[in-house]
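Start counting the sequence shown at 1; every next residue gets the next number (full-length UniProt numbering).
No residue lacks a Cβ here, since even glycine has one placed at the ideal position from N, Cα and C.
Quantities reported herein were computed from a predicted structural model and do not represent experimental measurements.
Here is the structure we will look at.
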Amino acid sequence: MSNQDLNQLRQRVDEINGELLNLISERASLVQEIGRVKEKQGVNRYDPVRERAMLNKIVDSNNGPFENSTIEHLFKEIFKAGLELQQDDHRKALLVSRKKKPEDTIVEIRGEKVGNGSPTFVFGPCAVESYEQVAEVAQAIKDKGLKLIRGGAFKPRTSPYDFQGLGLEGLKILKRVADEYDLGVVSEIVNPADVELACDYIDVIQIGARNMQNFELLKAAGDVKKPVLLKRGLAATIEEFINAAEYIISRGNDQIILCERGIRTYERATRNTLDISAVPILKQETHLPVLVDVTHSTGRRDLLIPTAKAALAIGADGVMAEVHPDPAVALSDSAQQMNLQQFNEFYSEVLQSIPVKA
Ligand code: PEP
Ligand code: MN
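Written out as structure tokens, the structure is:
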């Protein structure tokens with residue numbers, strides 16, 4: 001075959017590419033129009049029966065040289081691209097995404113601005129055990145000029161025989177302490193039915209790792225006007241974590257703080273494995289503030305300071321850690337909470353590591 005013949009064949013291939021492009025584009029416009037009609041009728045856009053019928057018709061007319069399976073594959077890709085075109089904006093860009101909102105979301109809790117560039121600290125006991133216990137930690141927090149306290153009134157425990165928290169009594173203690181010490185309270189809610197009630201007692205609804213995909217709880221938290229601190233599930237991918245936040249924002253509540261708290265891996269040296277790179281990924285992909293819980297991610301007091309420094313160095317908006325006046329007698333997580341002296345050391349060490357802004 002001469003070079004001239006080859007060039008002619010190539011020219012014809014180029015022409016066919018152009019024709020295919022025109023046809024695919026024309027098909028796409030029609031599919032978009034169908035999408036708009038279906039939207040008005042409220043009909044589901046994906047219609048597998050219709051897809052199967054179209055594929056059968058195409059394969060029936062296939063005279064080669066492609067195998068039927070190859071033709072099916074090629075057309076299936078065209079169908080898929082068409083369906084994606086029909087899909088609404090939410091699928092292309094989530095409401096929590098930077099694509100949708102490039103500016104950082106700042107969540108304000110009793111004057112503390114989470115995500116405004118200076119780090120936020122959330123300290124407090126694992127569980128609320130008594131007024132005195134919470135008040136002692138509150139005093140230590142206030143002495144440092146900090147604004148937030150944490151403490152669980154509803155504790156999701158591995159064993160049903162372990163301390164489950166004081167429930168409503170715990171929320172009442174938290175509210176009393178918050179008012180007396182002028183602190184914003186973060187506390188976990190585990191039951192969708194308790195979300196509204198909790199709003200009268202606390203400033204931030206925490207949704208814990210075990211409930212990250214409790215969709216009814218996410219929806220309930222999305223329906224109220226309270227900031228939500230959403231923790232990453234023990235075995236949740238970043239995509240699942242982001243989608244859990246989308247559940248909340250899609251109901252109208254955009255006051256969401258994400259919290260990386262470690263994921264379960266084969267490693268046993270730490271309670272969980274702190275996925276530190278999740279922090280910059282979440283910061284890039286979403287506009288929400290991101291905290292790191294150094295207590296539950298490590299489960300080790302000796303790692304609290306270095307992991308907190310790492311969290312802030314990699315771009316986290318703040319750190320959460322557990323503090324108890326007497327960890328040895330704590331009713332939950334006694335091995336990993338700091339006592340008040342350790343808390344002092346932790347805070348001053350971590351503060352020193354923060355670069356002073358010019
Ligand atoms: C907590 O913060 O009290 C807690 C139970 O953490 P997690 O849900 O991350 O395990
Ligand atoms: Mn705990």
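Residue i versus residue j: straight-line alpha-carbon distance, rounded
i, j, result
"G208", "T295", "14 Å"
"P325", "D143", "15 Å"
"K38", "G82", "14 Å"
"L85", "F79", "10 Å"
"D194", "Q206", "12 Å"
"E216", "A245", "13 Å"
"V13", "D275", "50 Å"
"Q41", "R27", "21 Å"
"L258", "G233", "11 Å"
"I16", "I58", "19 Å"
"N191", "K76", "43 Å"
"I189", "L230", "11 Å"
"R301", "Q336", "5 Å"
"R264", "K92", "30 Å"
"D162", "I281", "36 Å"
"I24", "H73", "15 Å"
"E129", "R157", "15 Å"
"A330", "Q87", "51 Å"
"Q342", "E285", "35 Å"
"A328", "R98", "44 Å"
"V204", "A138", "16 Å"
"D182", "K309", "27 Å"
"F241", "F121", "22 Å"
"R251", "L94", "13 Å"
"S187", "I149", "9 Å"
"E136", "D179", "14 Å"
"R176", "L168", "12 Å"
"residue 362", "L312", "This structure leaves residue 362 out entirely; the chain is present only between 1 and 358."
Residue i: CB within 8 Å of a non-hydrogen atom of the ligand PEP
i, result
"K155", "yes"
"E188", "yes"
"H324", "no"
"A53", "no"
"G152", "yes"
"A209", "yes"
"residue 359", "The chain is shown from 1 up to 358; residue 359 falls before or after that span and cannot be answered."
"K101", "no"
"Q133", "no"
"K231", "yes"
"R261", "yes"
Any non-hydrogen atom of the ligand MN within 8 Å of residue i CB
i, result
"S130", "no"
"T270", "no"
"G165", "no"
"S332", "yes"
"Q336", "yes"
"C199", "no"
"T295", "yes"
"A308", "no"
"A321", "no"
"A328", "no"
"A127", "yes"
Local Cβ density within 10 Å of residue i, reported as buried at 16 or more and exposed below that
i, result
"H287", "buried"
"G262", "buried"
"S332", "buried"
"A53", "exposed"
"K147", "buried"
"M338", "buried"
"I354", "exposed"
"L66", "Note on residue identity: the sequence assigns Phe, not Leu, to residue 66. Exposed, since its Cβ has fewer than 16 Cβ neighbours within 10 Å."
"S159", "exposed"
"T298", "buried"
"A269", "exposed"
"E267", "exposed"
"R110", "exposed"
"A140", "buried"
"residue 360", "No statement about residue 360 is possible, as the shown extent of the chain runs from 1 to 358 and does not include it."
"Y46", "exposed"
"M212", "buried"
Sheet register partners of residue i (DSSP bridge)
i, result
"D293", "M320"
"F121", "V319"
"C259", "K231, L291"
"Q206", "E188, L229"
"V107", "V114"
"L148", "G184"
"M338", "V323"
"A153", "Looking at the DSSP assignment, A153 forms no beta bridge with any residue, so it has no partner."
"A127", "G152"
"T286", "S97"
"T273", "I263"
May I ask you to verify whether the region 188–199 touches the region 140–154, counting CB pairs closer than 8 Å and requiring at least 3?
-> yes
Evaluate the contact criterion for the region 335–350 versus the region 295–306: three or more CB pairs, one atom per stretch, below 8 Å.
-> Yes, they touch.
Using 8 Å as the threshold, is the region 57–67 in touch with the region 100–115, meaning 3 or more CB pairs across them?
-> no
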